[in-house]
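Take 1071 as the starting number for the sequence shown in my numbering and just add one per residue.
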Amino acid sequence: MVRFVVYLFLSIFVISIARALIRAVLQGFASLFQTAQSSPARQQPHPPSMPLTGELKRDPVCGTYTVEAHAIRQTINGETLYFCSSRCRDEYLAASRR
Ligand SMILES: [Zn+2]
1071 MVRFVVYLFL SIFVISIARA LIRAVLQGFA SLFQTAQSSP ARQQPHPPSM
1121 PLTGELKRDP VCGTYTVEAH AIRQTINGET LYFCSSRCRD EYLAASRR
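Shown next as structure tokens:
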């Protein structure tokens, strides 16, 4: 009877160790998969999300297409224009004043 109790405790002990090992291995795999997935996932959203952040607006000075959210907005004669940089905006304003 004592032997049975010892075996029972031993089996519980072994099972708990095995469980801990399995959990550690699974967590290791999970973190492995997370790091393997996260590196391309972090790079991927950038190009597809570019058009989602806003419409592309053409800079009338240099012709560069700039995302609306990042463009420099300038309303000239009731028309909203988008510039890639303040330099282009200043150039356009200087040209329009001539
Ligand atoms: Zn420009």
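Note that beta-carbon positions come from the ideal geometry of N, C-alpha and C, so glycine has one too. Treat the numbers as computed from the prediction; the structure is a model and nothing was measured.
(message) Applying the 10 Å Cβ sphere with the 16-neighbour rule, what's the burial state of Tyr1135?
(response) exposed
(message) Within the continuous alpha helix (DSSP H) that includes Glu1161, where are the two ends?
(response) 1156 to 1167
(message) Using only the alpha-carbon positions, how far apart do Leu1151 and Glu1161 sit?
(response) 13 Å
(request) Give me every residue whose Cβ sits closer than 6 Å to any heavy atom of ligand 1, in chain order. (result) Asp1129, Val1131, Cys1132, Thr1134, Phe1153, Cys1154, Ser1155, Cys1158
(request) For the beta strand (DSSP E) containing Val1131, list its first residue and its last residue. (result) Note, Val1131: premise wrong, no beta strand (DSSP E); not H, not E.
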